[in-house]
Each structure stands twice: as C-alpha cells, then as structure tokens.
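Numbering (the UniProt record's numbering), first residue to last: 1 to 90.
We treat Cβ as the ideally placed atom computed from N, Cα and C, and that holds for glycine.
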C-alpha cells in the first residue's frame with residue numbers, strides 16, 4: 001500500500017510540473033506553488049522525526065521524508081522539462 005501511495009504522489013508531482021509550465025504566472029508564483037505542492041507529504045514524515053529524534057525509527061522516518069522531498073522535486077522538474085521540450089518541438 002505504501003508503494004502505491006508513493007507512486008501516486010510522484011506521478012502527481014510529474015503532472016503538476018507539466019501543468020505549472022503552461023500557466024501564465026510569474027516565476028515566483030510558479031516556484032511558490034511548486035514548493036507548496038511538494039512539501040506536505042514529506043513533512044508528514046519529517047516533522048515527527050525532527051520533534052522526537054530519540055524515538056525508534058526516527059532516523060528512518062527522517063531519511064524517508066528527505067528522499068520523498070528530493071524525489072518529489074525531481075519529478076516536478078521532470079514534468080516541467082518534459083513540457084518545455086514538447087513546446088520547443090511544436
């Protein structure tokens with residue numbers, strides 16, 4: 001179940017990056033929207049691990065949250081770059 005939810009999150013970030021490229025907003029608005037979309041799911045793992053570092057599996061939760069944050073950002077960037085390449089061809 002966790003793998004399915006992770007895949008859904010990453011595909012959603014890919015699609016969000018694709019759609020954000022096409023919106024007629026300033027770069028600052030697009031960047032703040034991207035950060036707002038990427039952060040909530042990894043924070044569900046990071047916040048408890050940072051608040052209670054001595055808990056069992058705290059380091060594992062922290063590592064998982066950081067990896068989700070990094071992978072979400074990479075998928076968002078992948079969606080933006082795919083949309084950019086597609087518009088350059090047309």
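Pick helix, strand or coil for residue 26, following the three-state DSSP scheme. In the chain shown, the residue the question calls residue 26 occupies position 26. It is coil, neither helix nor strand.
Would the beta-carbon of residue 48 fall within 7 Å of that of residue 68? Here residue 48 corresponds to residue number 48 of the chain shown, with the count starting at 1. Here residue 68 corresponds to residue number 68 of the chain shown, with the count starting at 1. No, Cβ-Cβ distance for residue 48 and residue 68 is not below 7 Å.
Taking 7 Å as the threshold (C-beta atoms), are residue 18 and residue 83 in contact? Residue mapping note: residue 83 aligns to position 83 of the chain shown, counting from 1. Residue mapping note: residue 18 aligns to position 18 of the chain shown, counting from 1. For residue 83 and residue 18, yes; Cβs fall inside 7 Å.
Where does residue 65 land, buried or exposed, given buried means 16+ other C-beta within 10 angstroms? Numbered from its first residue, the chain shown carries residue 65 at position 65. So residue 65 counts as buried.
How far does the alpha helix (DSSP H) with residue 55 in it reach, from first residue to last? As a first step, residue 55 must be located in the chain shown, where it is residue number 55. No alpha helix (DSSP H) holds residue 55; DSSP gives it neither H nor E.
Assuming residue 16 contacts residue 76 (C-beta within less than 8 Å), just tell me the rounded distance between them. For the purposes of this step, residue 16 is identified with residue 16 of the chain shown, where counting begins at 1. For the purposes of this step, residue 76 is identified with residue 76 of the chain shown, where counting begins at 1. Yes, they are in contact, since the Cβ atoms of residue 16 and residue 76 sit about 6 Å apart, within 8 Å.
Decide if residue 8 is buried, meaning its Cβ has at least 16 other Cβ atoms within 10 Å, or exposed. Here residue 8 is taken as the residue at index 8 of the chain shown, counted from 1. Exposed, since its Cβ has fewer than 16 Cβ neighbours within 10 Å.
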